[in-house]
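Below is one structure; the comments refer to it alone.
Protein chains: 2
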Amino acid sequence: MCGFSLIRDPLPKADMQPERLALDCRGGGIATDGEAMNWPPQPLPQISKAQWRQKATDLRMRLLQLQRRLRDADFPLILVFGGVDGAGKHEMANQLTEWLDPRFIQTLAYPHPQELPPWDVPMLRYWRDMPPKGQIGIVLSGWYTAPLLSHVRAEIDENDFAAQLRQALHFEQDLVADGALLLKFWMHLDADSQRQRLQELMADPMTLWQVQPRDWAHLHSYADFMHSTSLLLHESEQAGQAWQVIDGRKSRPRSLAVAEHIAQALEQRLEKAPPAPQIPAPAAAVDRLSSVEQHRLSKSSYAERIRQGQGQLFLHSQRLRALQRSLVLVFEGWDAAGKGGAIRRLLQALDARFLRVHRVAAPDAQELQQHYLWRFARHFPEPGRIVIFDRSWYGRMLVERVEGLTPEYRWRAAPAEINRFEEQWTDAGHMLLKFWLHITPEEQLARFEARRDDPLKSWKLTDEDWRNRDRWAEYLLAANEMFASTDSPHAPWVLVGANDKRQARVSVLEAVNTALSAC
Amino acid sequence: MCGFSLIRDPLPKADMQPERLALDCRGGGIATDGEAMNWPPQPLPQISKAQWRQKATDLRMRLLQLQRRLRDADFPLILVFGGVDGAGKHEMANQLTEWLDPRFIQTLAYPHPQELPPWDVPMLRYWRDMPPKGQIGIVLSGWYTAPLLSHVRAEIDENDFAAQLRQALHFEQDLVADGALLLKFWMHLDADSQRQRLQELMADPMTLWQVQPRDWAHLHSYADFMHSTSLLLHESEQAGQAWQVIDGRKSRPRSLAVAEHIAQALEQRLEKAPPAPQIPAPAAAVDRLSSVEQHRLSKSSYAERIRQGQGQLFLHSQRLRALQRSLVLVFEGWDAAGKGGAIRRLLQALDARFLRVHRVAAPDAQELQQHYLWRFARHFPEPGRIVIFDRSWYGRMLVERVEGLTPEYRWRAAPAEINRFEEQWTDAGHMLLKFWLHITPEEQLARFEARRDDPLKSWKLTDEDWRNRDRWAEYLLAANEMFASTDSPHAPWVLVGANDKRQARVSVLEAVNTALSAC
C-alpha cells in the first residue's frame, strides 16, 4: 500500500483543459484541428432511471437480435476501447458480456508495454487473439496503449508516435480489408471528473483498492495526456476506422451512446456489405526466376561445405538463443524442388529443442474462420527459437491466386499486408529469410517421372502436382510478381537454383549463415 | 568455447559397466533385476551397405503404407526416445521424417528443465503438443529428461525420482487409455563408444561443434548415469508402455531395429484394437448436493459484502501476480444456476489484462481429434494470471456420461485422470478451485419460466435445458459421484447454495478470497 502516499501530493488544477492543437510538426504533418470529430466530447446529459430502463431494454433486444444475425455472417465484430481509466472501458466490456450471449464474446486486454521484454512482438499477440467470423472481440488496453503512454512520458518524439500510430492503423486496416467490422471508442473524462472520481473512491475504504498510484500520476500529467490524445485521435482514424469519442462521466448515458453506435453500425453492415475496394495495380515484375543460375556441385565439395556450413549454423543458433532473438525461415518453390531435403540439412545442425518445422496444408475449418495471417502468426517462434515454414502465407499470392481461391482484390492487397506483417516481426529485432527453390520445367518433369517410378516416393506425387505443372506459366508470373512486391532488405527473398540438389542444399545453408552472421 | 577445457580432465575408465541393481529402497520398492528387459542392451551386429539398402527399402515401404492406414485410424502414434546423446535419438527423428510423409509427423523436443522458471508446468506443454489422431509425434528429451538429470546430479533422492517417474508413467497411461499407440525407445551407448565418438568428433574441426561441454561432463558421471538409467527403465514401464532398449553404436542396425519395432507394433494395432479395459468400480458417493444449504441475503448485506470481497480479491490478485502464481477457477452447476452472474462479480474486481474467461462449448472438429484434456490444457494461464472456465473438463463426467457421448469405461477412468491432471498444475505451486452452483429443481423451474417469459433472456433457454432438466436424477448421481472422486485438498469442490443469487455471488467471491489468502 506504500504507493498510496502519492495522494498527499498536490492535486492538479481544475482549470486544465485539453488544448486545441493545430500542429504541423512533421513533413507529412499532424494537423489536429478538432473540427471533424467530437473532441473534446460534448457532455452527455444524465438520464433518469426510468428512461434508462426503457432505452436499455430496447437496445439489449436490438443487440441480441443483431448478435444472432452476426453468428451467421462472414465477418467478426471488433470493438476497440481507448481512453482514460474510469471512463468506463472495463464496465462497457462487462456490460456487453452481460447483455449478449457471452459464448461468442471475448474480452482482450494486454499487459502494459513496460512489463514486456524488449524482444516481444505485441502485434503477433493481437493477430493470434482476433475473434473468428461471427464473433465479437472487445479490445481493452490494446494497440494504442503503448504509443500513448510512451508519448506522454516523452520516451518517443512525435515522429515515432506518428509511426507507431500508423502501424496500429495499418493493422486495423488489414482486419477491415479482410471484412472485419471494426468500431473504435475513445472514453473521455475531464480532469475535474477524474479527480472527483478518484477522491470518491478513496474516501471509502471499500473502494480504495480501485485507485492505483498511477491513476494520480496520470491525473498530474493530465495536460500531457490531452495533448497526446488529441494527436492520437487525429492520426489514427481514416475512412472505416473512425473514433467515436464518448463523454465517460456518467455510466447510463455513456452505455447507451456506445451500445447505440454498435447497434447502428452492425445493422448497416448486416444490411449491406461494403463495396469491394479497387484492385491495386500489379507491381511491375521482371522475370527474376528465369534468370536464376543453375550450378552443379561435386560430391566432395558438397560434403565439405555442408560440414562447414552446419558447424557455423550451430554456432549462430547458439548466439541467437543467447541474444533471445528468433529466426523464421520460409520455404517456397516448385513442387519437387527439394524443399524437404534442404530443410533436413538445416535440422541436422540445429538443436531440436529450440526448433519447430511447420508444414502448411490447406486451412482447416477453424482457420477458415480467421484472417489468413492468423494461422501463421500462431506458429511464430518464442524468443531465441527458430521456426521453419514449409510453405507459408505466400500461398495467398501463389496457389490461392492461381486456383482462384481468393478474389483478386484480396490477393492483390496481400503484398502490402504481408510486408507490414513481416515488418512487425523484424522491427522487434527478429529475423526472417525467404527461400524460393527454383528448378526448370525439364528438371521437374524428370523428378516427377522418377517419383512416379519409385515405390518409395510415388506417394509424394499427386494429381495436384501434375495440375500445378500445367499452370507453370501462371505460377511463374505469380512468383515473379511476388518477388517484386515482397522482397525487402529486412525480409529478403533468396532465389536458389535447385536443379542440382547438392548445390541447392549448400546454397540454402550458406545463405542462412550469411544472414545470421549479420545479427 | 571456454567450456571445452573440460576435455583435459582425465577420461573415465573403459571398464565402467552398468551395475545390475537389486535395490528395494522404498516401501513400494524399486526392484531392478535387469531380467525382463534387454538391459544393458545386446550389441547389434553391423550390417553391410547392401543389406542395409535392401532392408531399409522394405521397411520404408511397410512404414509408408502403415502411415497411410494410420491417417484414417482413430488413434495417434507417439514415439518416445530416451537415452544418451549420440546414440541416435535425433537421427532417428530425422530419418523417420525423411522416410515418411512429413506433413503428419511432428518432432517434439523441450528445453532442459534447468532452463525453465520454477513455476513452469512441463506437463501442460506435453499435453498441448500431443499429436492428433492419425498422426505421429516423436518426443525427444521429453518427460524423462528432468527426472534422470536431477537424479544423476543427486538433486533428488530415490523417492522423489520414483515419484517423478510415476508421474511420467501416469501421463503416458492417460494417453494410452485414450487410445494412443505409445512406443518407447531407450538409445544406449556404452562408455567406450561414447568416448570414442566424442574423440572422433573433436578430432575434426568441422564436427567439433557437435560436442558440448556437457557431453564430457556426462561421460565423467557415466556410472551414475547407468545407475539412474537402470532405475528409470525399471520404474517407468508397465503393460503397454514397455521400453525397447537399443544398442545405439551403429546407425544402420539401430535404425532398422527401431523402424522394425515401429512397423510391427503399428501393424498389430491396426489389425486389432486393444480390448477395452475393465470398468473401474464407481466411487461410493454420498448425496452431498441435496444437503447443500440455501440461505438468503439482504440487499444491503449483499452490497456491503460484495464491496468488501471485491477489494480483497483485487489485492489477492496483485499478490498472485507478484508471486507469478496462477489461478484456475472452474464453474459447473445446473442450468440457470447463475454461473454467469457469479463470474461477472469476480471480473469487476480483476484486471482484465491478466484474466481470461474461457467458455466451454461442444468440442470442435480439431478438438475431437485430441485427448479430451488437450483442449483445456491449451487454455491454462501463464504465470501470474487467472483463467476462469465456465464449464470444464468435468463435462466428461456430466454431460458426456449422461448423454452417452463417451463409453462408460472412459468416463469411469476420468476421475483418476483428472485428479492427476489437476495435480500437475497444483504441484507447480498454482491454484485451482472448483465451484458447483446448486439450485433446487423448483428454483430452476421458476427461473426457466422467468427466462421463457422475458424477451431479454429467452435466448438463454434452449430445448437442451429442458431435456437436461428431465434428467435431473441422472445428473444428480453423476455430480455426487464426481464430488466423491475428485474433491481433494489441493483442488477442492466448493458447493454453493444458489437459490438466492445474492448469496451465491457472495459465497463464490468469499470462497475465492479464502483460498487465495492461504497462498
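If you read the protein sequences in the order shown, they are chains U and S. The first sequence runs 1 to 519 under this note's numbering. The second sequence runs 1001 to 1519 under this note's numbering. Here a beta-carbon is modelled for each residue, glycine too, at the ideal position from N, C-alpha and C. Source: prediction; values computed, not measured.
Taking only heavy atoms of the ligand HEM into account, decide whether any of them is closer than 7 Å to the Cβ of residue i.
i      : result
U/W209 : With respect to the ligand HEM, the structure shown offers nothing to examine, as it has no ligands at all.
Taking the straight line between their C-alpha atoms, what separation do you get for residue i and residue j?
i       : j       : result
S/V1387 : S/L1329 : 6 Å
S/W1039 : S/S1230 : 8 Å
S/E1408 : U/L266  : 46 Å
U/L148  : U/D247  : 19 Å
U/L256  : S/V1399 : 39 Å
S/R1375 : S/R1412 : 20 Å
U/P459  : S/R1069 : Residue 459 of chain U is actually Trp in this sequence, not Pro. Spanning the two alpha carbons is a distance of roughly 13 Å.
U/K55   : S/V1176 : 57 Å
S/I1156 : S/A1162 : 10 Å
S/V1506 : U/W243  : 38 Å
U/F536  : U/F389  : An answer regarding residue 536 of chain U cannot be provided, because it is not within the stretch 1 to 519 covered by chain U.
S/S1485 : S/A1285 : 8 Å
S/Y1110 : S/L1044 : 29 Å
U/T97   : U/A259  : 12 Å
U/L432  : U/E510  : 15 Å
U/G134  : U/R344  : 41 Å
S/A1210 : U/Y302  : Sequence inspection shows Gln at residue 1210 of chain S; the Ala mentioned does not correspond to that position. Straight-line Cα distance between these residues: approximately 19 Å.
S/P1131 : S/A1180 : 9 Å
U/E417  : U/G142  : 20 Å
S/R1467 : S/L1461 : 11 Å
U/E443  : S/P1041 : 47 Å
Which residues in chain S have a C-beta closer than 9 Å to the C-beta of residue i? List them in chain order.
i      : result
U/E98  : G1340, G1341 and R1344
U/L456 : T1057, R1060, M1061, L1064 and W1099
U/V206 : Per the sequence shown, the amino acid found at residue 206 of chain U is Met instead of Val. Going along chain S in sequence order, the residues near U/M206 (Cβ under 9 Å) are E1304, R1307, Q1308, Q1310 and G1311.
What residues from chain U crowd round residue i, counting only those whose CB sits closer than 8 Å?
i       : result
S/Y1110 : R353
S/A1365 : D364, A365 and Q366
S/W1127 : Those within 8 Å of S/W1127 in chain U number zero; the least Cβ separation is about 17 Å.
S/R1359 : P102 and R103
Distance cutoff 8 Å, beta carbons only. Does residue i sit that close to anything in chain U?
i       : result
S/P1102 : yes
S/L1064 : yes
S/T982  : Shown here, chain S extends from 1001 to 1519; a query on residue 982 of chain S therefore has no answer.
S/S1141 : yes
S/D1389 : As written in the sequence, residue 1389 of chain S is Phe, which differs from the Asp given in the question. Not closer than 8 Å to any Cβ of chain U, the Cβ of S/F1389 fails to qualify, so no.
S/A1093 : yes
S/Q1348 : yes
S/A1498 : no
S/H1090 : yes
S/W1374 : no
S/W1459 : yes
S/L1021 : With a pLDDT of only 34 at S/L1021, under 50, the local geometry of the prediction cannot be trusted, and the value read off the model is given with reservation. Not closer than 8 Å to any Cβ of chain U, the Cβ of S/L1021 fails to qualify, so no.
Assign residue i to one of three DSSP states: helix, strand, or coil.
i       : result
U/R197  : helix
U/E332  : strand
U/D120  : coil
U/E267  : helix
U/I47   : coil
S/F1380 : coil
U/Q324  : coil
U/H295  : coil
U/G137  : strand
S/S1488 : strand
U/T145  : helix
Comparing the C-beta of residue i with each C-beta of chain S, is any distance below 8 Å?
i      : result
U/T462 : no
U/W186 : no
U/A322 : no
U/H379 : no
U/W216 : no
U/L477 : no
Taking C-beta pairs closer than 7 Å, name the residues in chain S that residue i reaches, listed in chain order.
i      : result
U/T107 : A1352
Could you name the residues of chain U that residue i contacts, counting a contact when the two beta carbons are closer than 7 Å?
i       : result
S/W1209 : G311, F314 and L315
- Message: Three Cβ pairs or more, each shorter than 8 Å: is that satisfied between the region 1315-1330 of chain S and the region 1371-1386 of chain S?
- Response: yes
- Using 8 Å as the threshold, is the region 1481-1496 of chain S in touch with the region 1432-1443 of chain S, meaning 3 or more CB pairs across them? yes
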